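Structure first, commentary second.
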Amino acid sequence: MKKVVGQKVKKVDAIEKVIGKAKFAKDYSFDDMLYLKILRAPHPHAKIIDIDISKAQELDGVVRIVTADDLPELNNFGLILKDEEVFVKEKTHYMGDALAAIAAESEEIAHEARNLIEVEYEELEVIDNPFRAMEDDAPKIHEEGNVVCSHNLEKGDVEQGFEEADLIISNEFQTQHIEQLPLEPEAGVAKYDSETDTYTLWAPTQWLHDTQGDMAQSLGVPPEKIKINQPTIGGAFGKREDISVHLHLAIMAKLTGKPVKLAYTREESMITQSKRHPITFKFKTGVTKDGEIIAWESEVIGDTGACASSGPAVVHQALYHCTGPYNVPNVKGKSYTVYTNNTYAGAMRGFGATQSAFAYESQIDIIAEELGMDPYEFRLKNAYDIGSSTPNGQILTSSVGAKESLKKAIEAADYQKKSASTEEKADNSSTKKCGKGMATIMFGNGYGEGFPDHSFCTVKVKEDGDILIETAAADVGQGVLTVVTQIVSEVLNISQDRIEVAPGTTEDMKNAGSTSASRQTIFSGNAAKVAAEELLGQINHQAFMELGANYPEFEVKDGKVVPFEGEELTFKELAQIAKNKGEPLKAEGCYFPETYAPDEETGYSELAYVTYTFNTHVAEVEVDTDTGIVTVLRMVTAPDVGKAIHPQNIEGQSEGGTVMGMGMALMEDQIIDEGITMNPNMSNYLVPTTMDVPEIETVIVESGDGPGPYGAKGIGEPVTLPAAPAIINAIEDAIGVRIKELPATPEKILKALREKNDN
94 MKKVVGQKVK KVDAIEKVIG KAKFAKDYSF DDMLYLKILR APHPHAKIID
144 IDISKAQELD GVVRIVTADD LPELNNFGLI LKDEEVFVKE KTHYMGDALA
194 AIAAESEEIA HEARNLIEVE YEELEVIDNP FRAMEDDAPK IHEEGNVVCS
244 HNLEKGDVEQ GFEEADLIIS NEFQTQHIEQ LPLEPEAGVA KYDSETDTYT
294 LWAPTQWLHD TQGDMAQSLG VPPEKIKINQ PTIGGAFGKR EDISVHLHLA
344 IMAKLTGKPV KLAYTREESM ITQSKRHPIT FKFKTGVTKD GEIIAWESEV
394 IGDTGACASS GPAVVHQALY HCTGPYNVPN VKGKSYTVYT NNTYAGAMRG
444 FGATQSAFAY ESQIDIIAEE LGMDPYEFRL KNAYDIGSST PNGQILTSSV
494 GAKESLKKAI EAADYQKKSA STEEKADNSS TKKCGKGMAT IMFGNGYGEG
544 FPDHSFCTVK VKEDGDILIE TAAADVGQGV LTVVTQIVSE VLNISQDRIE
594 VAPGTTEDMK NAGSTSASRQ TIFSGNAAKV AAEELLGQIN HQAFMELGAN
644 YPEFEVKDGK VVPFEGEELT FKELAQIAKN KGEPLKAEGC YFPETYAPDE
694 ETGYSELAYV TYTFNTHVAE VEVDTDTGIV TVLRMVTAPD VGKAIHPQNI
744 EGQSEGGTVM GMGMALMEDQ IIDEGITMNP NMSNYLVPTT MDVPEIETVI
794 VESGDGPGPY GAKGIGEPVT LPAAPAIINA IEDAIGVRIK ELPATPEKIL
844 KALREKNDN
């Protein structure tokens, strides 16, 4: 059979999505179903004095209204810290806090009832930036204090490094709130069975078993009492790591005794659910006159909003990645994760490393310019290689593709050759100036730093002889279910058309971990490969027992065992034989690599991540100096993937990630003023459209030495990281101004040009 790993194959869910048969959460309906609406906080920081539901209860069609007073037994929930209330009782922390849930016979009635609820409250000072939150006299958003946590990073002797430096450069960089904006807003359906005291949900999540566990501790029930079925997911980008509709669905299903549906509007999603962290980076870097980086000091301050969510890990990762893919012998840093009354920030593609990449790659370009060095040569001189040491002391022993990625991108972009349009910037009569910029990044794969990280997968032969894969890995559009199918197809030498993937569920499926941290190809891919290899061993054993010594040599292909002589055995026949013996053809695989938690004082970790992915972008832009408008003309990307299991998937991820990075660089900005989201819909939250997408060329860099199946590494997030800094560096190349606060809007560019001209 033709090999499938490394080939462009049809995605397993392609047809059902194209013809409209894919079932998303809102597509689930049941007889006698009720519809929910949630009353949110009237003010981002306020004491709740009274919630009057009397008028709403009188409305025809309203079945049940619930507030915190009705459910004193509920526990708080949250990904890392349990600091989120299911229903707020005493004080609001942000505009997304839930005060009440309304169940009604129609969505319209529930909406009308919500508007009839009266809330009496006392406004408190709103803390909308982390610097005010860290002041001694700032009101406490949570009783424990406004600094959620801090982390340290120390390697070598940074003070000695600065003494030896010929040049010291200090800069401050700022990133913004960004909305993940998956196509599908949060939604779900739930049922409750009073006889078994079990909850059943159809609601998307990036991590089935973690959502199940978080719900269980909040409701005070064993996890096995909660069954979550994974619908088709309309995108995620980190937004579906946090609980959204899940707890309110479960609670109202139990209290009403009926199926319930809850679907957020786009505005509700944007106000209520997580964002990308705005992070402030303060860098001080020391270099020698010949371009060697010898010292780097960082302060990283992240606004995690009203709830911790993934914040402690996100901001820590931003600190850990703060020197990029470059050798720096002396490093010192500290990060702070801080509560504010803004919408909470959580996971988003890149998980802190995206913000960090903008900052360090801007700093790298600034240093190269100060030294009079070519930015490519400066990067190449300092880039990681085998034997390099990361900021927390991990020695890189394999799969270090930083230099190869950099070289491939520069070559494909023909970086040294200025295009005709670029040369126009020397023409003072033209208002349109063009420039090129680059950025190279690193990204740790998996949760890392000692956090338990594993995936299970089961592969079995069905009675009809076809193959069934059972994995709880969430496919959020990136294609992990296609990848595991390719791997199983390769191992068993059977057509993908004869392989089925069971829908994800917490019932009878073991944990596959989160679809995040660019980990699923490595973790679930390895688990699927282990399971398929074990199953192949069972098939070989069963076939040998049946064929006996007469036919000791055979091969497995196309769902059959084919002896070199004699009659073949089909998988269907073998499955029946195995069933009769009480030994079904079924195997389980698990991948559970070890990483080490960092030292609290220094951040040292001998093995922080299982591997690192590297990527380089080269951007070419045109800047209109009359309007400040930036047009991205071309992007070249060179992701270091280890092994491309599905090249077309990688190209798609690369293009999508590049466009997402463009949005971060130029336009996306969730504006939150005094805790209030000012642009909570698509009419005023700007994202790139198809008209903004430039020519994108992806050069896949393969080394085959990653820890994943067939040498693969994760690329879902690293494809985004270099885009924003490459574009910002290209803008500076075009017009000679440096944008240090994202996004680089026309207003900021014109202001920078005016300041440049004034000087």
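Position 33 of the sequence shown, counted from 1, bears residue number 126 in my numbering, the numbering being contiguous throughout. All residues carry an ideal CB built from backbone N, CA and C; glycine is no exception. Keep in mind the model is a prediction, meaning the values are calculated, not measured.
Check: Same chain, Cβ closer than 8 Å to aspartate 651, neighbours up to 5 away in sequence not counted; Outcome: Met94, Asn586, Ile587, Ser588
Check: Sub-8 Å separation of glycine 572 and asparagine 742 beta-carbons; Outcome: yes
Check: Own chain residues within Cβ distance below 6 Å of alanine 610, not counting five before or after; Outcome: Gly539, Tyr540
Check: Burial state of phenylalanine 657, where buried means 16 or more other Cβ atoms lie within 10 Å; Outcome: exposed
Check: Segment limits, beta strand (DSSP E) that includes glutamate 593; Outcome: 592-594
Check: Delimiting residues of the alpha helix (DSSP H) encompassing valine 408; Outcome: 404-413
Check: Sub-8 Å separation of asparagine 434 and histidine 235 beta-carbons; Outcome: no
Check: Among Ile824, Val786, Met775, the one whose alpha carbon lies nearest that of glutamate 272; Outcome: Met775
Check: Cβ-based neighbour list, glutamine 150, same chain, cut-off 7 Å, excluding 5 preceding and 5 following; Outcome: Ile158
Check: Anticipated Cβ contact below 8 Å, lysine 248 with tyrosine 292, distance rounded; Outcome: 48 Å between Cβ atoms; not a contact.
Check: Span of the alpha helix (DSSP H) around alanine 817; Outcome: 816-828
Check: Check whether phenylalanine 170 and serine 311 have beta carbons under 8 Å apart; Outcome: yes
Check: Option nearest glycine 768 by Cα separation, candidates Ile372, Thr397, Tyr128; Outcome: Thr397
Check: Cβ contact (3+ pairs, closer than 8 Å) linking the stretch 275-289 and the stretch 194-210; Outcome: no
Check: Within 8 Å, strictly: CB atoms of phenylalanine 707 and threonine 533; Outcome: yes
Check: Span separating the alpha-carbon of proline 686 from that of histidine 547; Outcome: 7 Å
Check: Burial state of serine 122, where buried means 16 or more other Cβ atoms lie within 10 Å; Outcome: exposed
Check: Continuous beta strand (DSSP E) assignments of at least 3 residues falling wholly in the stretch 200-238; Outcome: 211-216
Check: According to DSSP, residues forming a beta bridge with arginine 133; Outcome: Ala191
Check: Complete runs of the alpha helix (DSSP H) confined to the stretch 101-130 [at least 4 residues]; Outcome: 107-111
Check: Beta carbon of tryptophan 295 nearer than 8 Å to that of asparagine 322; Outcome: yes
Check: Cβ-based burial, glutamine 509 [other Cβ within 10 Å; buried from 16]; Outcome: exposed
Check: Contacts around asparagine 850, its chain only, beta-carbon distance under 7 Å, and the 5 residues preceding and following it disregarded; Outcome: none
Check: Reduced DSSP category for phenylalanine 376 - H, G, I as helix; E, B as strand; rest coil; Outcome: strand
Check: Buried versus exposed, by CB contacts within 10 Å (16 or more), isoleucine 112; Outcome: exposed
Check: Inter-stretch contact (C-beta, 8 Å, three-pair minimum) for the stretch 729-749 and the stretch 400-413; Outcome: no
Check: Start and end residues, alpha helix (DSSP H) containing glutamine 253; Outcome: 251-257
Check: First through last residue of the alpha helix (DSSP H) which encompasses valine 584; Outcome: 573-585
Check: DSSP state of aspartate 568 mapped onto helix, strand, coil; Outcome: coil
Check: Where glutamate 648 falls: helix, strand or coil (DSSP); Outcome: strand
Check: Proximity below 8 Å, CB of proline 297 to CB of arginine 333; Outcome: yes
Check: Beta-carbon gap between arginine 442 and glycine 327 smaller than 8 Å; Outcome: no
Check: Member of Asp162, Ser498, Lys665 whose CA lies at the smallest distance from the CA of glycine 558; Outcome: Lys665
Check: Span of the alpha helix (DSSP H), counted from its first residue to its last, around asparagine 772; Outcome: Unbroken run through asparagine 772: none, as it is neither H nor E.
Check: Inter-residue spacing [alpha-carbon to alpha-carbon] between glycine 189 and glycine 494; Outcome: 42 Å
Check: Stretch pair the stretch 458-470 + the stretch 756-766: three plus CB contacts closer than 8 Å; Outcome: no
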